[in-house]
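Quick note: the sequence shown uses my numbering, first residue 78, plus one each step. For glycine and all other residues, C-beta sits at the position ideal for the given N, C-alpha and C. It should be emphasised that the depicted structure is a prediction, and the values quoted were computed from it without experimental measurement. As structure tokens, the structure follows; a few thoughts come after it.
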Amino acid sequence: IDLPTSSSLSYMWNFGSLLGICLITQVLTGLFLAMHYTADISSAFSSMAHICRDVNYGWLIRNIHTNGASLFFICIYMHIGRGIYYGSFMLKETWNIGVILFLMTMATAFVGYVLPWGQMSFWGATVITNLLSAIPYLGNTLVLWIWGGFSVDQATLSRFFVFHFIL
Numbered sequence: 078i079d080l081p082t083s084s085s086l087s088y089m090w091n092f093g094s095l096l097g098i099c100l101i102t103q104v105l106t107g108l109f110l111a112m113h114y115t116a117d118i119s120s121a122f123s124s125m126a127h128i129c130r131d132v133n134y135g136w137l138i139r140n141i142h143t144n145g146a147s148l149f150f151i152c153i154y155m156h157i158g159r160g161i162y163y164g165s166f167m168l169k170e171t172w173n174i175g176v177i178l179f180l181m182t183m184a185t186a187f188v189g190y191v192l193p194w195g196q197m198s199f200w201g202a203t204v205i206t207n208l209l210s211a212i213p214y215l216g217n218t219l220v221l222w223i224w225g226g227f228s229v230d231q232a233t234l235s236r237f238f239v240f241h242f243i244l
């Protein structure tokens, strides 16, 4: 095929488009999940069971959302790898915006991981946010602010749901 394109154009350039498709899928499935989710410590886990058992195709929506996040990160890593391979890090402003977007995506994924409020997600919320206490002078105050008190509780779950929904 005789296309007027660059010789460096390869399948690696598809990952930006795949990122867009994954993002649209994540937003749509997330909206449907948020319609049935309850951000309360006594009923969050039960609401996940309700979504999977009682909502039409709720199990499929939840699996698309959770596994779509993994696919989203695979596409991000491939997109970053292509950028490193072709030297895009030399474009400072573009690269820095990409790094900020990547960090925000990781934060969104972390607070989303906590939302089912099972044993592992509760542990993850406690351990990962407690790492912030290592920051000199501000660490303990920052942890108390994120938790909404002296332990991971209702305020933490509510804040994480809002952060996951907004980001």
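- Query: On the premise that residue 191 lies in contact with residue 198, defined as a C-beta separation below 8 angstroms, what is that separation, rounded to the nearest angstrom?
  - Reply: 5 angstroms
- Message: Using a Cβ-Cβ cutoff of less than 7 angstroms, which residues in the same chain neighbour residue 238 once the five nearest sequence positions on both sides are dropped?
- Response: Contacts found: 116 and 192.
- Query: Of all the options 80, 121, 148 and 124, which has the alpha carbon lying nearest to the alpha carbon of residue 94?
  - Reply: 148
- Query: Could you give the distance in angstroms between the alpha-carbon of residue 126 and the alpha-carbon of residue 85?
  - Reply: 48 angstroms
- As assigned by DSSP and simplified to three states, the class of residue 227: coil
- Message: Just to confirm my understanding: we take residue 122, look at its own chain, exclude 5 residues before and 5 after, and list those with CB closer than 8 angstroms. What are they?
- Response: 193, 194 and 195
- Query: With 16 as the cutoff for other CB atoms within 10 Å, does residue 206 come out buried or exposed?
  - Reply: buried
- Determine the DSSP secondary structure at residue 82, reduced to helix, strand or coil. coil
- First and last residue of the alpha helix (DSSP H) that includes residue 198? Residues 196–207.
- Could you check the C-alpha separation between residue 108 and residue 235 for me, to the nearest Å? 16 angstroms
- Three-state secondary structure (DSSP) of residue 153: helix
- Task: Would you decide whether residue 229 is buried or exposed? Buried here means 16 or more other CB atoms lie within 10 Å of its CB.
- Result: buried
- Query: Looking at the unbroken alpha helix (DSSP H) that takes in residue 189, where does it start and where does it end?
  - Reply: Bounds of the alpha helix (DSSP H) holding residue 189 are 169–191.
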